[in-house]
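Residue numbers (our numbering), protein chains in the order written: chain W, 431 to 874; chain F, 431 to 874; chain U, 431 to 874; chain C, 431 to 874.
Quick reminder that beta carbons are idealized off the backbone N, C-alpha and C, glycines included.
Scroll down for the structure; my scribbles are underneath it.
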């Protein structure tokens with residue numbers, strides 16, 4: 431809830447805080463003066479658009495409560511950033527942290543803005559479209575921030591000529607000091623902290639919960655090799671950060687990679703693939719121009735067109751296509767809308783290669799075009815990783831700091847985290863219509 | 431989450447319960463045998479459509495977490511019905527309740543179905559469209575249940591030839607014994623119990639909470655004037671039922687009638703009004719045929735067309751219209767999408783009548799057509815009412831039962847409830863664009 | 431949990447906040463510098479003693495989770511005071527509040543101390559002993575604060591010579607400006623805010639919950655007739671403050687006045703009465719001297735003796751007495767320890783007067799001495815009151831402030847609160863051993 | 431809360447369920463007929479005594495909310511057992527589980543009783559006294575169940591002549607079929623499930639939470655080598671059981687082995703040691719005879735004496751001793767009561783052996799008798815173990831069951847659990863008065 435009731439008749443500036451009601455963080459407030467920039471950015475069409483993009487893509491198919499959107503997530507991320515900065519302030523009277531913390535206050539404005547903006551480059555249905563278009567959302571975020579006609583760009587620039595560039599550098603992970611990048615995008619950032627709690631809340635599962643208060647309480651910032659680094663006080667916060675990492679691990683295993691949710695995602699990808707072919711051939715029309723371009727030339731989308739795209743446009747297209755003349759496209763769309771989701775069976779990729787031919791013949795025999803109705807889906811998660819970015823980028827590792835102010839990477843110290851470090855979890859599942867189950871399963 | 435993992439390889443029938451993950455009720459399960467009817471109904475397109483209709487309409491404009499849909503609410507209502515019936519079963523060994531409770535088991539099937547189906551007649555954006563079309567959703571629910579080609583109708587009929595008619599009678603409040611109607615639609619029904627908890631959960635406000643467990647624990651069913659009546663054990667449950675009634679009172683005062691949320695609703699109504707006129711005149715086209723009919727001849731919508739309508743269709747239209755050539759329509763739509771919501775000021779209707787002329791001149795002078803940009807909105811809530819339905823319908827009153835098994839209407843016994851009984855709360859607010867604020871407010 | 435882990439090896443002063451784990455407020459922290467006084471007071475024996483006095487007296491007999499103590503409640507009250515003061519600070523940039531808020535900072539120290547100390551004068555088993563000794567705990571609190579040898583007194587005085595007197599004035603409700611008294615002891619104070627939430631949490635009932643965040647958010651402080659007054663922003667916080675008042679109303683009705691809990695209290699009072707008589711006559715010995723004095727000359731207890739008294743001493747005495755030679759005393763004690771609580775039946779006092787003689791004869795006939803085994807218990811609660819203190823004391827009323835900064839007493843504006851204003855709820859119950867039930871109940 | 435309000439005037443038997451209010455499980459109810467045995471056992475003095483023994487011993491020193499008692503824990507364990515049995519019933523229509531589940535119903539009575547009674551043999555302050563007396567509480571539980579004059583024994587025997595013996599076998603882990611022992615005492619039992627949630631709730635830490643509903647949902651019972659075994663459905667419940675095991679791991683690391691809590695425990699042990707010596711020498715008197723025997727001949731305690739012992743007796747003794755003439759005893763007691771807890775520093779036992787002599791000299795020099803003021807404390811936890819009981823006892827391992835009904839031990843399948851399997855975590859800490867810190871720490 432936006433609480434902009436005026437106190438007295440003197441206009442919105444009289445009360446110093448603007449608050450939103452948020453089910454995860456309760457009252458989520460920003461200071462009308464000190465946080466003016468982030469409050470102005472919230473009003474832009476780039477941010478308002480996120481109201482129409484679900485945070486969990488098609489997971490609502492499996493978790494009926496998971497309709498929540500990226501707008502509330504972005505507010506939440508900015509709010510967590512504010513809380514972390516205020517925690518740093520609280521540390522500032524400790525002389526070992528003093529200097530830096532004064533500096534942090536200069537970063538408050540830019541860090542809140544970066545946290546709020548980190549997701550504006552998301553396609554509809556979030557990550558599904560990334561693999562379809564082969565573009566990361568970070569690239570679009572950066573592009574939108576740099577777009578001279580964009581509202582976000584103009585507000586940033588009006589505040590400080592350098593800000594658009596600074597935000598881009600943070601998003602692209604090249605900014606220094608590192609702690610700014612870390613807090614926005616690493617294995618311990620406000621993005622993850624917020625989405626784990628939020629997804630857990632709206633799905634109703636317990637997995638994503640961790641001790642946010644204690645984690646923030648244990649956060650330290652300190653000088654390290656001429657840079658500023660974020661770390662967790664090992665004596666206080668080891669277990670809080672472990673459960674935070676495990677929370678994400680479980681959310682991937684149990685929720686994000688839920689078989690039915692993945693199968694629904696596969697269906698949407700097949701729909702888009704089929705639609706793209708038909709649109710190219712002029713056999714089906716897309717309800718909107720931006721969507722049309724997304725399907726056939728995503729690389730050429732303008733920022734204005736990009737901003738037109740959201741879950742409403744895509745879902746509307748699926749509804750329209752469900753009554754179109756192409757049998758495959760309309761069938762896939764109807765299955766999606768009526769929740770007749772593809773069934774799945776786990777299979778090793780090598781095994782799949784060996785039986786593929788036979789399975790395709792079976793599908794064809796039952797009148798299912800195997801190009802659309804027989805899909806191998808691979809869900810990949812990295813529970814905790816070391817070294818996966820290029821050299822010039824800021825590391826994503828989580829550091830502990832011991833009582834002597836020495837830094838140590840988390841998995842060096844924690845047996846539990848070591849057990850899942852650099853162990854990519856990949857689940858390969860064959861997805862197909864329920865009608866094929868009896869014929870296919872015995873062959874797997 | 432739909433948990434349909436098979437245990438063993440013997441198919442979905444092997445484990446006896448089908449469970450959904452629900453953030454409000456946690457595991458929400460139905461028995462695969464005993465509750466087969468409700469499980470089949472969940473798969474129908476009538477019910478699946480509710481995934482695309484938000485439970486709180488445009489309240490997400492104010493409460494960023496309030497994106498949740500009618501599908502999860504309908505599951506929740508059916509689940510509460512199941513819990514209530516099982517509670518009745520628990521009472522069955524008490525000899526004074528014995529006979530009835532055996533009968534209740536016969537009603538289990540039909541009551542669960544009625545609870546699940548009670549909302550299928552909802553227009554997109556829920557209650558907003560009811561006032562636009564001047565049709566109650568109950569009418570459409572009844573019509574859909576009776577529609578011979580409908581999936582719901584066919585499943586009900588296959589189970590028992592009389593079922594479609596029975597559900598209609600329950601929805602239309604003419605069914606006997608009364609307890610069935612009461613549990614579906616009264617001031618103490620599974621609909622309200624679920625939506626209060628659910629809306630409270632997703633908005634993050636505390637108001638809608640009440641002690642569900644104790645309320646169910648205090649629920650009694652007993653013979654009364656040749657009928658079966660629902661009542662709350664006065665000695666145990668008085669305060670639980672009071673706080674339940676107050677929970678709803680607060681949700682209306684604070685959440686459902688929030689000024690910004692009402693103003694957003696006013697904007698949507700103005701958009702539809704303008705669009706209807708333009709569509710009639712052929713000046714603007716509606717993106718879909720069903721929507722077109724909804725705008726100009728809602729009374730003639732067929733069931734098939736009705737089922738096409740959901741929040742996606744309507745929101746998509748608003749997006750399309752935001753770039754149409756009509757200045758008023760496109761402006762209203764852009765304001766809505768970018769969350770530049772009308773401002774409001776409270777005003778008494780009589781006062782408004784007196785200043786109306788002047789206000790309209792001011793609006794015109796500032797180039798705002800007062801027909802669309804100056805709207806008096808009246809939000810009405812009845813916190814607790816007696817006698818408001820026709821004679822042949824089942825009463826909506828809440829009864830208490832005392833230790834001597836005598837019934838007593840709630841407000842007779844409770845001072846707190848008496849204070850809000852039959853006190854319709856109406857809030858009249860003038861809604862207008864922010865640009866008019868300085869000119870208008872001094873005149874109010 | 432007291433988090434006094436040192437960061438680095440530089441001693442406890444290096445990290446600036448001392449935090450406790452609290453189930454109600456989560457991390458409950460005080461600043462090691464700014465809040466040094468309250469942190470020092472926490473270490474005193476007066477405060478540590480509160481660990482051994484249960485917040486809810488004998489209610490654990492009814493609510494097995496209600497073992498929580500006054501120590502955590504006192505921390506909670508001080509913490510709420512800190513939050514309120516910091517909220518006031520947040521308002522300080524609004525020019526209408528500026529002056530005062532600067533002053534509030536001067537009060538921070540003294541207000542936190544007062545909140546922490548408000549309960550140190552409690553007897554064991556809290557309110558039960560107040561009626562036995564006919565002394566209010568506030569009197570003892572004031573006396574302990576003034577006691578020159580007391581640790582609390584010495585710490586207060588070392589900080590500021592005037593502090594012991596200031597705290598006394600606040601506790602005795604004569605301090606000006608009024609807001610200080612109000613926040614410590616009125617119908618809207620940190621004491622109630624904390625105990626409602628805490629008792630609700632540990633008993634597991636839902637009644638005591640209210641929207642703490644929003645209530646604090648709506649709190650204002652403003653000049654009023656040359657004094658500083660606390661008020662709730664009517665536009666924002668009306669419903670939050672209503673539900674806060676109702677929360678207390680329900681806690682009294684449902685929890686604090688639960689019949690079994692009251693009956694257990696009656697038993698303890700009878701035990702003390704009997705023990706006092708026997709101790710006076712030298713027939714039974716009290717396990718401890720302080721307890722002995724409490725029983726026979728409470729008025730002459732020294733501060734040192736008073737501080738010896740806690741729930742442990744009293745419960746231990748009950749255990750000892752349960753095997754003493756006096757039949758009545760030992761029987762009452764055994765009943766209490768084995769939870770064979772007196773039964774209760776509601777009765778009007780006039781009716782009781784009429785049947786008393788007959789009931790006493792019945793009791794005697796069954797060998798129960800009616801002086802101990804037949805007790806009329808009257809539980810009184812004032813849900814919301816106006817004017818109940820003497821003139822020189824600060825009023826306890828709750829005020830609303832409207833957009834024009836005018837004050838209004840709550841019940842003038844709220845129908846709901848008006849319904850329970852000045853309506854003392856008294857429940858009269860006759861308490862007696864279960865063995866008398868069949869003989870007694872038909873006569874009531 | 432015990433809800434024994436009668437409905438109607440026909441006595442407590444009229445409503446079929448007796449419910450308690452529990453903050454962890456909300457309404458915790460037992461059937462007045464089917465669960466009559468457990469309801470009768472709740473009334474015994476053996477169970478009522480548990481109200482006066484804290485579940486977390488002296489942890490309240492660190493966590494101010496952790497005052498909760500073993501009585502509510504025992505109710506909770508019995509209630510979880512009821513829920514698990516009813517879940518088994520729910521599975522009973524699956525033909526593979528049918529036979530067994532019918533049998534389980536025969537066990538309902540005995541399993542609920544065993545769950546309720548599992549803790550009656552606890553000394554005051556729980557585990558602290560176990561190491562002092564060198565007796566496990568299970569031995570006393572068994573002894574009390576077998577005690578012919580005990581209320582528990584008599585009630586069990588009246589129900590079924592064999593029951594006392596059966597309960598003993600379950601407690602002693604020799605009963606067959608194994609699932610009964612497993613559910614009462616293994617690495618996946620109702621005891622742990624309840625205490626993790628309960629301790630987490632009352633301390634306010636997040637660590638002990640796990641997905642109880644899903645864990646129960648995933649529980650299976652099946653035939654295995656002529657026995658009945660408990661297992662978790664691997665496909666459904668792997669992650670739920672992993673987080674359950676990790677929850678316990680974290681509770682030990684963070685809460686149960688908190689340094690200040692351990693140090694407080696060390697102080698109590700030193701107090702008892704000193705008091706025992708003095709009592710033996712006749713220099714100090716114990717306030718009660720049972721306590722006296724506990725101190726000097728615990729092995730000779732009679733059941734009646736044992737039942738006299740609780741936290742009240744022990745805490746009272748500490749209060750008495752705090753003013754006794756022995757300087758060491760009174761000093762230790764005062765430190766404990768005023769929360770001047772020993773400081774701790776981690777040290778390896780070998781290192782301690784090397785510096786011990788020097789440390790003792792320092793302590794003596796500062797007038798602290800090192801026998802009481804210099805204590806090496808070793809806190810040991812086994813996060814997850816295989817094979818640690820004798821052959822004739824039921825294994826404590828957790829099993830998974832795969833879709834082909836094959837059993838598999840948890841750590842074979844889970845990498846995460848493997849990382850902590852058989853890795854005893856021992857923390858060695860030297861405990862000493864704060865006055866010695868500066869002298870001691872540099873030598874460690």
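Among the options, the one whose alpha carbon lies nearest that of residue i
i              : options                        : result
residue 690(U) : 468(U), 464(U), 461(U), 489(U) : 489(U)
residue 644(W) : 645(C), 647(C), 649(C), 634(C) : 634(C)
residue 745(F) : 723(W), 481(W), 664(W), 777(W) : 481(W)
residue 848(C) : 794(C), 537(C), 827(C)         : 827(C)
residue 517(W) : 686(W), 627(W), 837(W), 646(W) : 646(W)
residue 842(F) : 814(F), 863(F), 631(F), 854(F) : 814(F)
residue 575(C) : 769(C), 520(C), 546(C)         : 546(C)
residue 452(F) : 464(F), 687(F), 509(F)         : 509(F)
Contact belief for residue i with residue j at Cβ below 8 Å, rounded distance in angstroms
i              : j              : result
residue 743(C) : residue 554(C) : 7 Å
residue 756(F) : residue 708(F) : 6 Å
residue 610(F) : residue 600(F) : 6 Å
residue 662(U) : residue 651(U) : Between residue 651(U) and residue 662(U) the Cβ distance is about 11 Å, and since that is not below 8 Å, they are no contact.
Cβ neighbours of residue i in the same chain (closer than 6 Å, five flanking residues each side left out)
i              : result
residue 540(W) : 596
Buried versus exposed, by CB contacts within 10 Å (16 or more), residue i
i              : result
residue 856(C) : exposed
residue 579(U) : exposed
residue 818(W) : Because the pLDDT of residue 818(W) is 49, which lies under 50, any placement of that residue in the model is unreliable, and the number read from its coordinates should be weighed accordingly. Residue 818(W) should be labelled exposed.
residue 741(F) : buried
Within chain F, partners of residue i - CB distance below 8 Å
i              : result
residue 636(U) : 639, 640, 641, 644, 673
Beta-carbon contacts of residue i that lie in its chain and below 7 Å, excluding the five residues immediately before and after
i              : result
residue 762(C) : 697, 700, 701, 704, 802
residue 921(U) : Residue 921(U) cannot be examined here, being either before or after the span of chain U that is shown, 431 to 874.
Close-in-space but distant-in-sequence residues of the same chain around residue i (CB under 8 Å, 5 per side omitted)
i              : result
residue 714(U) : 705, 708, 751, 754, 755, 756, 759
residue 838(W) : 664, 829, 830, 831, 832
Closer than 8 Å at the beta carbon, the chain U residues around residue i
i              : result
residue 453(C) : 495, 631, 632, 633, 634
Chain-ordered neighbours of residue i on chain U, where CB pairs are closer than 9 Å
i              : result
residue 492(W) : What residue 492(W) touches in chain U: nothing, since even the nearest Cβ is about 30 Å away.
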